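Chains A and B are the protein sequences, given in the same order.
Just remember that the numbering used here sits 114 ahead of the position in the first sequence, which is counted from 1.
Just remember that the numbering used here sits 114 ahead of the position in the second sequence, which is counted from 1.
Note that beta-carbon positions come from the ideal geometry of N, C-alpha and C, so glycine has one too.
For clarity, every value in this text was computed on a predicted model and none was experimentally measured.
Below is one structure, written out as structure tokens; the observations come after it.
Number of protein chains: 2
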Amino acid sequence: MDFSNKVSIKEVGPRDGLQNESEMVPTDAKIEWINMLSDSGTSYIEISSFVHPKWIPQLKDATEVAKKIKRNPNVTYAALVPNSTGLERALEVNIDEVCLFLSASETHNKKNINKSIADTLPVLESVSTESKKANKTVRGYVSTVFGCPYEGDIDTDKVISICDKLLTMGVDELSLGDTIGVADPAQVAKVLEELLRYFPKEKLAMHFHNTRGTALANVLVALDYGITNFDSAVGGLGGCPYAKGASGNLATDDLLYMLHRMGVVTGINEKNIIEAALYIEKYVKNLSSNQMKILKSER
Amino acid sequence: MDFSNKVSIKEVGPRDGLQNESEMVPTDAKIEWINMLSDSGTSYIEISSFVHPKWIPQLKDATEVAKKIKRNPNVTYAALVPNSTGLERALEVNIDEVCLFLSASETHNKKNINKSIADTLPVLESVSTESKKANKTVRGYVSTVFGCPYEGDIDTDKVISICDKLLTMGVDELSLGDTIGVADPAQVAKVLEELLRYFPKEKLAMHFHNTRGTALANVLVALDYGITNFDSAVGGLGGCPYAKGASGNLATDDLLYMLHRMGVVTGINEKNIIEAALYIEKYVKNLSSNQMKILKSER
Chain A
115 MDFSNKVSIK EVGPRDGLQN ESEMVPTDAK IEWINMLSDS GTSYIEISSF VHPKWIPQLK
175 DATEVAKKIK RNPNVTYAAL VPNSTGLERA LEVNIDEVCL FLSASETHNK KNINKSIADT
235 LPVLESVSTE SKKANKTVRG YVSTVFGCPY EGDIDTDKVI SICDKLLTMG VDELSLGDTI
295 GVADPAQVAK VLEELLRYFP KEKLAMHFHN TRGTALANVL VALDYGITNF DSAVGGLGGC
355 PYAKGASGNL ATDDLLYMLH RMGVVTGINE KNIIEAALYI EKYVKNLSSN QMKILKSER
Chain B
115 MDFSNKVSIK EVGPRDGLQN ESEMVPTDAK IEWINMLSDS GTSYIEISSF VHPKWIPQLK
175 DATEVAKKIK RNPNVTYAAL VPNSTGLERA LEVNIDEVCL FLSASETHNK KNINKSIADT
235 LPVLESVSTE SKKANKTVRG YVSTVFGCPY EGDIDTDKVI SICDKLLTMG VDELSLGDTI
295 GVADPAQVAK VLEELLRYFP KEKLAMHFHN TRGTALANVL VALDYGITNF DSAVGGLGGC
355 PYAKGASGNL ATDDLLYMLH RMGVVTGINE KNIIEAALYI EKYVKNLSSN QMKILKSER
């Protein structure tokens, strides 16, 4: 096993976590919570989504959240942006990084974005170009890379083609999502083996879900391939939209436990992350991390 | 990553799982359940424990269980045996394999067995010798290899010395336990690196707990070191005795999901294991596997 001793964790709880909660967390609580995360030593927080509120009402307060949080100069504050209207809103509140998203599965993309992949790409290209003009970095989420709830296995060539298009339009980093948490370590090795023939490892981040318990094993393989960027959500927030009650996003606290014990430096204080998980726990249903289960047992 | 395409899974649910349940499962249910497991394609089931019933009342029916289960000739039926009285009972019902146990931590051993390690070893040696005379194979559980709830880190030299003594007294296989589920993949690599200098990999099995979510990542590393024997419990049965509500034994169903998807052959039918988990779920509290959470979401 050969791995970098430094890893960047991108905290996606406030966006990917909260968008899967049935109830909206009060805006003031979100702000206080994000401020706690800002003080944890993390270098990156995806704070919300500028999609139309009718699609994700839980995040309809994106503008207010972005305006009222205390900005830590060491943190990149990112948000999801689906189109030019969303970008306008994101730029108004001076978001640091713009996150685009599409799916590697045609069916999933249609169900999620209401457009074919071919029709999504020009929209993303225009958002990317405008973001760059505004001196923003751009991140591209590619979902269902390791399997789709509708189509099953996804051809890696399709993933490569989409990644190539995103990088060509100026995207700075790709986050490869195991949206339904089906990936196994051998598959992660196989997919990365292929992708790294075309793309430098610095351009890739992994976004694993722990639905079937394999997320940390998958992280381990990605580390071995030189990947140093990982997405995760405080407390395993958000659950799985395709299996209610199951785990969704890899929990930041579980990821930190493994990485820190392995001697990998993240810059993040585990205690602060646990405090942030305990804080948001009052407002949500779906905390599923192992560290939170242990904490609850000690109460 | 380099791993064997064939792995043996040792099902410890009926012993290690049920001994951590607060209520005793009715004997008839245990028997039917073990019969289901016998038909799953598994090659090994640890069916009970011949410790004194006052210590583990949940398993006081070991003799009746052993007598009444239907023996599949392809399955090794094992049981925990603490001393010569236990061995007598185990031999009476013709158990195939005798499992000894002790801890790599002095304090944990004292709390668990009420003896020092030095005082435990001669007892185990006598049980091992008598088992061999009765043509039984012998397995040795070494617990707290990766950390102790009382002593913290355990010196690997201590583990090596205990393993050496067990093998010298004729033990056929050692099961190295992460009793409180603290191990991380780098630690597993480090410990195996040392152990494999002294012992052939065929003599070692890994017994991981998933308390902090790292069990499958730890399995992956052990696979990479050529280990092909892993303990697990159907449905993640049993929980963690040191953190109520947290996960304990690595779940057989989660392990099968990962291994089979990686192309590793176990001979075990996943559907049968899920059926066995659904069966025992009626009697227990602590099913914590990811596969069971997904199943529940689909009901």
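- The beta carbon of N404 (chain B) falls within 7 Å of a beta carbon belonging to chain A, placing the residue at that interface.
- Residue contact check for S118 (chain A) against chain B: no CB pair falls below 7 Å.
- In summary, A232 (chain A) is exposed, with fewer than 16 beta-carbon neighbours lying within 10 Å of its beta-carbon over all protein chains present.
- The residue among A:A319, A:Y339, A:T190, A:K181 with its C-alpha nearest the C-alpha of E307 (chain A) is A:Y339.
- Just so you know, the alpha carbons of M406 (chain A) and V378 (chain A) end up roughly 22 Å apart.
- Look at I408 (chain B): its C-beta is under 7 Å from a C-beta on chain A.
- When DSSP states are grouped into helix, strand and coil, Y393 (chain B) belongs to the helix group.
- In this structure the stretch 209 to 225 of chain A touches the stretch 239 to 258 of chain A; the number of beta carbon pairs closer than 8 Å is three or more.
- For G200 (chain B), the enclosing alpha helix (DSSP H) starts and ends at 198 to 206.
- Residue-level contact check: G127 (chain A) does not touch chain B, since none of the beta carbons of chain B fall below 7 Å from its beta carbon.
- R326 (chain B) sits in coil when the DSSP states are folded into three classes, being neither helix nor strand.
- For V273 (chain A), the uninterrupted alpha helix (DSSP H) run begins and ends at 270 to 282, by DSSP.
- For G266 (chain B), the beta-bridge partners assigned by DSSP are B:C262.
- Residue burial is scored here from C-beta neighbours: E206 (chain A) has fewer than 16 other C-beta atoms within 10 angstroms and is therefore classed as exposed.
- If you draw a straight line from the Cα of T293 (chain A) to the Cα of H323 (chain A), it comes to about 6 Å.
- The shortest C-alpha to C-alpha distance from R375 (chain A) to any of B:I268, B:I183, B:S240, B:D298 is the one to B:D298.
- Of all residues in the stretch 346 to 373 of chain B, the ones placed with a Cβ closer than 7 Å to any Cβ belonging to chain A are A357, K358, G359, A360, S361, D368, Y371, M372, in chain order.
- Under the Cβ criterion of 7 Å, R413 (chain B) is not counted among the residues facing chain A.
- In this chain, the alpha helix (DSSP H) harbouring S152 (chain B) covers 141 to 152.
- The Cβ-Cβ distance between I161 (chain A) and A204 (chain A) does not fall below 7 Å.
- Taking one beta carbon from each stretch, the stretch 119 to 128 of chain A and the stretch 346 to 363 of chain A have 3 or more pairs nearer than 8 Å; the two touch.
- In the DSSP assignment, A303 (chain A) falls within the unbroken alpha helix (DSSP H) covering 299 to 312.
- Residues of chain B whose Cβ lies closer than 7 Å to the Cβ of R311 (chain A) do not exist, since the nearest Cβ in that chain is about 17 Å away.
- Proximity of A300 (chain A) to chain B, defined by a Cβ-Cβ separation below 7 Å, is satisfied.
- With contacts defined as CB atoms closer than 7 Å, E244 (chain B) and M283 (chain B) fail to qualify as a contacting pair.
- Taking 7 Å as the CB threshold, M376 (chain A) lines the interface with chain B.
- Pairwise C-beta distances place the stretch 173 to 184 of chain A out of contact with the stretch 257 to 273 of chain A, as fewer than three of them are shorter than 8 Å.
- Contact check for A336 (chain A) and I276 (chain A): beta-carbon distance about 19 Å, past the 8 Å limit, so the pair fails to qualify.
- The shortest C-alpha to C-alpha distance from D116 (chain A) to any of B:L280, B:A300, B:I145 is the one to B:A300.
- Secondary structure note for K247 (chain A): its alpha helix (DSSP H) is the uninterrupted segment 231 to 247.
- For A331 (chain B), the C-beta contacts it makes with chain A under 7 Å involve L330, A331, L334, M372, in order along the chain.
- Listed by position along chain A, the residues whose Cβ is nearer than 7 Å to that of G131 (chain B) form an empty set, because the closest Cβ is around 17 Å away.
- Beyond the five residues adjoining it in sequence on each side, T342 (chain A) comes within less than 7 Å, by CB distance, of S118, K120, V121, S122 in the same chain, given in chain order.
- Between T221 (chain A) and G261 (chain A), the alpha-carbon positions lie close to 12 Å from each other.
- Within its own chain, the residues whose Cβ lies closer than 7 Å to the Cβ of Q172 (chain A), once the five positions on either side in sequence are excluded, are L132, Q133, E135, M138, listed in chain order.
- Per the C-alpha coordinates, the member of A:S257, A:V165, A:N363, A:N226 positioned closest to T199 (chain A) is A:V165.
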